[in-house]
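Asks: First, the structure itself, so that you have it in front of you.
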Amino acid sequence: MTIVFAIFLLTMLVITAVAIVQSSNLFVSVMLTSIFSLLMSTNFFVLDAADVALTEAAVGAGITTVIFLSALALTATQEKPNRSGRGIALIVVGLTASLIIYATFDKPRLGDPDAPVHQHVAPYYLDNTMEQMGFPNVVTAVLSSYRGYDTLGEVFVVFAACIGVLFILDARTGTGPKYVTRKMTGLRHHLIPQVVGRILVPFIVLFGLYVQFHGEYGPGGGFQAGAIIATAFILYSLLEGEQAALRAVPRSAQLGLVICGALMFGMVGVLCMIMGGEFLDYSVLMENPVTARQIGIIVIEAGVGMAVCGAMLSIFHAFAARSAEDTDEAV
Amino acid sequence: MDFAQHLPALQVIVPLLAAPLIVLLQPRGFAWAATTATAFFSFAVSIAIAVRILAGDILRYEMGGWFAPIGIELRVDAFSAIVLLIISGAAAISLIAARNSINQQIEDHRQPLFFAAWLLAIAGLVGMVVTADAFNIFVFMEISSLAGYILIAGGPDRRTLPAVFKYLIIGTIGATFYLIGVGMIYMMTGTLNLEDMAQRVVGIEDQRPILVAAAFVFIGLALKAALFPLHVWLPNAYTHAPHMVTVFLAACGTKVAVYVLLRFQFSIFQSFGEHLLQFALFLMPLALLGIIVASLVAMFEGHLKRMLAFSSVAQIGYILMGASLMSDSGITASTLHMFNHALTKGALFLAVAKFATQYADLRIDSLKSAARSMPLTSFAFVIAGLSLIGVPGTAGFISKWQLIMAIMETGNMGFIMVAIVVISSLIAVGYIWRVIETLYAIPTDDLPDDAADVSVKPEKIDMLLIALIFTVAMNIYFGLVPGLPLTLAELSSKILLKVEF
Numbered sequence: 014m015t016i017v018f019a020i021f022l023l024t025m026l027v028i029t030a031v032a033i034v035q036s037s038n039l040f041v042s043v044m045l046t047s048i049f050s051l052l053m054s055t056n057f058f059v060l061d062a063a064d065v066a067l068t069e070a071a072v073g074a075g076i077t078t079v080i081f082l083s084a085l086a087l088t089a090t091q092e093k094p095n096r097s098g099r100g101i102a103l104i105v106v107g108l109t110a111s112l113i114i115y116a117t118f119d120k121p122r123l124g125d126p127d128a129p130v131h132q133h134v135a136p137y138y139l140d141n142t143m144e145q146m147g148f149p150n151v152v153t154a155v156l157s158s159y160r161g162y163d164t165l166g167e168v169f170v171v172f173a174a175c176i177g178v179l180f181i182l183d184a185r186t187g188t189g190p191k192y193v194t195r196k197m198t199g200l201r202h203h204l205i206p207q208v209v210g211r212i213l214v215p216f217i218v219l220f221g222l223y224v225q226f227h228g229e230y231g232p233g234g235g236f237q238a239g240a241i242i243a244t245a246f247i248l249y250s251l252l253e254g255e256q257a258a259l260r261a262v263p264r265s266a267q268l269g270l271v272i273c274g275a276l277m278f279g280m281v282g283v284l285c286m287i288m289g290g291e292f293l294d295y296s297v298l299m300e301n302p303v304t305a306r307q308i309g310i311i312v313i314e315a316g317v318g319m320a321v322c323g324a325m326l327s328i329f330h331a332f333a334a335r336s337a338e339d340t341d342e343a344v
Numbered sequence: 003m004d005f006a007q008h009l010p011a012l013q014v015i016v017p018l019l020a021a022p023l024i025v026l027l028q029p030r031g032f033a034w035a036a037t038t039a040t041a042f043f044s045f046a047v048s049i050a051i052a053v054r055i056l057a058g059d060i061l062r063y064e065m066g067g068w069f070a071p072i073g074i075e076l077r078v079d080a081f082s083a084i085v086l087l088i089i090s091g092a093a094a095i096s097l098i099a100a101r102n103s104i105n106q107q108i109e110d111h112r113q114p115l116f117f118a119a120w121l122l123a124i125a126g127l128v129g130m131v132v133t134a135d136a137f138n139i140f141v142f143m144e145i146s147s148l149a150g151y152i153l154i155a156g157g158p159d160r161r162t163l164p165a166v167f168k169y170l171i172i173g174t175i176g177a178t179f180y181l182i183g184v185g186m187i188y189m190m191t192g193t194l195n196l197e198d199m200a201q202r203v204v205g206i207e208d209q210r211p212i213l214v215a216a217a218f219v220f221i222g223l224a225l226k227a228a229l230f231p232l233h234v235w236l237p238n239a240y241t242h243a244p245h246m247v248t249v250f251l252a253a254c255g256t257k258v259a260v261y262v263l264l265r266f267q268f269s270i271f272q273s274f275g276e277h278l279l280q281f282a283l284f285l286m287p288l289a290l291l292g293i294i295v296a297s298l299v300a301m302f303e304g305h306l307k308r309m310l311a312f313s314s315v316a317q318i319g320y321i322l323m324g325a326s327l328m329s330d331s332g333i334t335a336s337t338l339h340m341f342n343h344a345l346t347k348g349a350l351f352l353a354v355a356k357f358a359t360q361y362a363d364l365r366i367d368s369l370k371s372a373a374r375s376m377p378l379t380s381f382a383f384v385i386a387g388l389s390l391i392g393v394p395g396t397a398g399f400i401s402k403w404q405l406i407m408a409i410m411e412t413g414n415m416g417f418i419m420v421a422i423v424v425i426s427s428l429i430a431v432g433y434i435w436r437v438i439e440t441l442y443a444i445p446t447d448d449l450p451d452d453a454a455d456v457s458v459k460p461e462k463i464d465m466l467l468i469a470l471i472f473t474v475a476m477n478i479y480f481g482l483v484p485g486l487p488l489t490l491a492e493l494s495s496k497i498l499l500k501v502e503f
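Protein chains in written order, with our numbering: chain A, 14 to 344; chain B, 3 to 503.
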């Protein structure tokens, strides 16, 4: 049954991808990429990768789409007709695809317990997570402790993306907007989204907090939680307008969240060094190494959540502020 | 806390954690000072590392206290040490010289973000070099690439943004190809640690995925390294970037990709089949073509920065040609040229940045008689240009000489390659001479000579000029006393070829 479902999903994925390339309307393309991510997320779920599925759903299908849409508000919705070079592109993509397919002829069967990936480091993680970390989610253990340095790197990738957007769009990082617009923004005059949205916002935040703090026991963790909570605030700003959202969480607070999150993660690592261990070796933080690791992981996961949430909000508001300016200039 | 034990980690995390701090505390002028101080600290750390390496150590560091391959291991040997010196040295020199130039090109309120990006670029590049983990390389490649896009996007010209966008798309494709390759190797070996991978790759019966992985890793990194013909992003990116960013990126940006490429080719794919032979056969023609074509384009290029950018593409060709010889002396020449070219191109772009303080237009024609008003800068440009050509007494000569010696060892085919090196050096004479001729041209205006001399503003002596003179002096120093980089390069080639550990 699963295999039928998987084939169906993959077929839909290919159809969506072709549709994205074919469509010359950018709005349609953006919506289709959202569907693509949702399908991808379901695929990950079918493959039993619940953590990845959750991330893909929150980031790929959710926030990325909103950011694409707010970027689209700054440009045209129709793609310029430019057909040159498509033939070459098709050939290159075709060649790359056939190379990958060629490689898969010798690949281990899906789910084969004898495959190298299940024989080497993975058994160590599976056997030792409970004993060394004191919680069952192996994915969280790998991300936040065994390979915590990679996660620190990813947090700084998010940080780099955030300052990159702020730098290029030149959004001021100071407090408050430069001017107050009188006109109604958001969806205030639409009653149904308004009512439904208002009910949803607190529950989304609550769910985000659950994902954040339950990450050690179930699928989830800082990345997903940060994205989910950011979604709630973005929904709020879509409903109530840019100004109201900025009153709730000003720009400086958004950037502050990113900086504090990234620094919190890094400082835990530095603290470990000062206490005599290696960078990010949480076990030295307290007498009992298992408790110490748990505490370290809770703190760094909180840092990850803050950084991701702050970065998403900063990027979204940088685009939104830019489009507000442009419409003002046009008026 | 034992300082020496943490050296590899400090190399990365100090610039990494300084970046958010700079955005957090943003008083005026602080960003530049703090960034420069951090860069100098990084430079000190890489010197300390180099000292340990020269004493015969290999530095290992278990991140998070987890042994490899369970956790991520940092591993620094001679090859990493020389690249670390290049990165942190380039960062320190370009930053200390950067203040006025950046004030001119970046508005005050945007500077904290800009310098934070610069720190992230340093952290990303050194992160790729110190780590011994294939996926960790990707993570830091992302940091350095994103930061690099931000730095280049700081350019004042509107044409900067299309240039960055092109670089961003190509860079992302490069990183994705690398990741696909690493994914395939992981699928077949179950490990991400480079050393572990090199051992486990040997026993694999089904070699197809590894073969395809080699192709993906090669193409991905070749895109990042701007190997001809995958260099199209580089000239525009270098031309439109802020001048000091060009100094930094031209000195070390592409070389880190070359570093990772050589690591993969020699330590992981080396062990299997006739890979090295195939790699050489594939790489050598590209390197030779790159040297000739890019030099010719530089010859006919009218914009000073773009001309030097094309010359960089040719130099990447030299570096990879040395590697494609697959011999001890070839790889020594290649590694040494990475170091010397960083010095030379760094000096040339520093001179360009200095010219830019008085000449808004950097087309070669508009720099006519610049030597009158800027004698020191022009003279420094001449010396650095000689080093680029490879005149004896300069650093450029040492590595070209090494390269020619390495080629001669190969025998019959060698003469063609030597001919290509000589011809391209002659072309370099051509394009450098064109600039020198313009700089020292006698002004043809109607004014009497004395009046013209009075009206010329004297050259201002600032940090930029001092850094330029220092770098040019280093070009001569390492041309006369090449001991340090040569020893490190020789050790590197032994490590890559596994002659001894």
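Where a beta carbon is used, it is the ideal one built from N, C-alpha and C, also for glycine.
Based on the DSSP output, what are the partners of Y576 of chain B in its beta bridges?
Replies: Residue numbering for chain B in the displayed model covers 3 to 503; residue 576 of chain B lies beyond these limits and cannot be assessed.
Asks: Closer than 8 Å, CB to CB, is V214 of chain B near chain A or not?
Replies: yes
Asks: Just by C-beta distance, which residues in the region 6 to 24 of chain B are closer than 8 Å to chain A?
Replies: Among the residues of the region 6 to 24 of chain B, those with a Cβ less than 8 Å away from any Cβ of chain A are H8, A11, I15, L18, L19, A21, P22 and L23, in the order of the chain.
Asks: Leaving out five residues on either side along the sequence, give the residues of the same chain with a beta carbon under 6 Å from the beta carbon of S457 of chain B.
Replies: Legend: pLDDT at S457 of chain B = 49, less than 50; position of this residue unreliable, no value from coordinates given.
Asks: Suppose the cutoff is 8 Å on Cβ atoms and the five residues either side in sequence are ignored; what does the same chain contact list for T188 of chain A look like?
Replies: Annotation note: pLDDT 41 at T188 of chain A (below 50); position unreliable, coordinate value reported separately. Hits under 8 Å: P263, R264 and S265.
Asks: If distances are taken between C-alpha atoms only, which option among B:E144, B:L498 and B:G348 comes closest to S326 of chain B?
Replies: B:L498
Asks: Measure the CB-CB distance between G233 of chain A and D64 of chain A and report whether it falls below 8 Å.
Replies: yes
Asks: Should the region 321 to 336 of chain A be called in touch with the region 267 to 282 of chain A, which here means at least 3 C-beta pairs below 8 Å?
Replies: yes
Asks: Using a Cβ cut-off of 8 Å (strictly closer), state whether V47 of chain B contacts chain A.
Replies: Output row for V47 of chain B: interface = no.
Asks: Taking a Cβ distance cut-off of 8 Å, strictly less, list which residues of the region 47 to 81 of chain B are near chain A, in chain order.
Replies: Y63, E64, M65, G66, G67, W68, P71, I72, G73 and I74
Asks: Just checking: is the beta-carbon of V152 of chain A within a distance shorter than 8 Å of some beta-carbon in chain B?
Replies: Judged by the 8 Å Cβ criterion, V152 of chain A is not in contact with chain B.
Asks: The alpha helix (DSSP H) spanning P211 of chain B covers which residue range?
Replies: Membership of P211 of chain B in the alpha helix (DSSP H) is indicated by the continuous run R210 to A227.
Asks: Taking all protein chains shown into account, decide if R202 of chain B is buried (16 or more other Cβ within 10 angstroms of its Cβ) or exposed.
Replies: buried
Asks: Closest to G316 of chain A by C-alpha separation, out of A:F226, A:L87, A:V218 and A:L182, would be which residue?
Replies: A:F226
Asks: In the DSSP assignment, find the alpha helix (DSSP H) that holds P112 of chain A and state where it starts and stops.
Replies: The residue asked about is misnamed: residue 112 of chain A is Leu in this sequence, not Pro. Segment R99 to T117, the alpha helix (DSSP H) holding L112 of chain A.
Asks: Does the region 175 to 184 of chain B come into contact with the region 132 to 142 of chain B, if we say contact requires no fewer than three beta-carbon pairs (one atom in each stretch) closer than 8 Å?
Replies: yes
Asks: Mind reading off the beta-carbon distance from V170 of chain A to I124 of chain B? Whole number of angstroms is fine, and I expect it under 8 Å.
Replies: In fact, because the Cβ distance is near 15 Å, the residues do not count as touching under 8 Å.
Asks: At the 8 Å Cβ level, is A119 of chain B part of the contact set with chain A, yes or no?
Replies: yes
Asks: Closer than 9 Å between beta carbons: that is the criterion. Which residues of the region 280 to 301 of chain A meet it against chain B?
Replies: M280, G282, V283, C285, M286, I287, M288, G289, G290, E291, F292, L293, D294, Y295, S296 and V297
Asks: Does N414 of chain B come out as helix, strand or coil in the three-state DSSP assignment?
Replies: coil
Asks: Determine the DSSP secondary structure at N105 of chain B, reduced to helix, strand or coil.
Replies: helix
Asks: Please report the straight-line C-alpha distance between K402 of chain B and G392 of chain B, rounded to a whole angstrom.
Replies: Going by the C-alpha atoms only, they are around 6 Å apart.
Asks: Give the secondary structure of N238 of chain B by DSSP, where H, G and I count as helix, E and B as strand, and everything else as coil.
Replies: helix
Asks: Are there 16 or more other CB atoms within 10 angstroms of the CB of P445 of chain B, so buried, or fewer, so exposed?
Replies: exposed
Asks: For the putative contact between I175 of chain B and L127 of chain B, defined by C-beta atoms under 8 Å, what is the C-beta separation to the nearest angstrom?
Replies: Separation of the CB atoms of I175 of chain B and L127 of chain B is rounded to 20 Å, and the pair is thereby denied contact status at 8 Å.
Asks: Would P317 of chain B be called buried (16 or more neighbouring beta carbons within 10 Å of its own) or exposed?
Replies: Here residue 317 of chain B is Gln; the residue named in the question, Pro, does not match the sequence. Classification of Q317 of chain B: buried, given that the 10 Å Cβ count is 16 or more.
Asks: Just the C-alpha distance for T194 of chain A and A334 of chain A, rounded to the nearest angstrom, thanks.
Replies: Summary for T194 of chain A: the model assigns pLDDT 48, below 50, so the residue's position carries little reliability; its value from the coordinates is reported in the next sentence. Cα to Cα, T194 of chain A sits roughly 11 Å from A334 of chain A.
Asks: Using a C-beta to C-beta distance shorter than 8 Å, which residues of chain A count as neighbours of I152 of chain B?
Replies: A173, I176, G177, F180 and I181
Asks: Between the alpha carbons of P190 of chain A and G289 of chain A, how many angstroms are there, rounded?
Replies: Residue confidence is low: P190 of chain A scores 46 on pLDDT, short of 50, so the model does not pin down where it sits. No coordinate-derived value is stated.
Asks: Report the three-state DSSP secondary structure of D110 of chain B (helix, strand or coil).
Replies: Note: D110 of chain B maps to helix in three-state DSSP.
Asks: Please go through the same chain and pick out, in chain order, the residues whose beta-carbon is closer than 8 Å to the beta-carbon of L52 of chain A, but skip the five residues on each side of it.
Replies: L22, M25, L26 and T29
Asks: For R160 of chain B, which three-state DSSP category applies?
Replies: Here R160 of chain B sits in coil by DSSP.
Asks: Does the beta-carbon of G58 of chain B have 16 or more other beta-carbons within 10 angstroms, so that it is buried, or is it exposed?
Replies: exposed
Asks: Between which two residues does the alpha helix (DSSP H) containing P149 of chain A stretch?
Replies: It is not in any alpha helix (DSSP H) - P149 of chain A carries neither H nor E in the DSSP assignment.
Asks: Nearest to V281 of chain A by alpha carbon, out of A:A258, A:V312, A:N141 and A:V79?
Replies: A:V312
Asks: Taking only beta-carbon positions, decide if L60 of chain A is within less than 8 Å of chain B.
Replies: Chain B places no beta carbon closer than 8 Å to that of L60 of chain A, leaving this residue out of the contacts.
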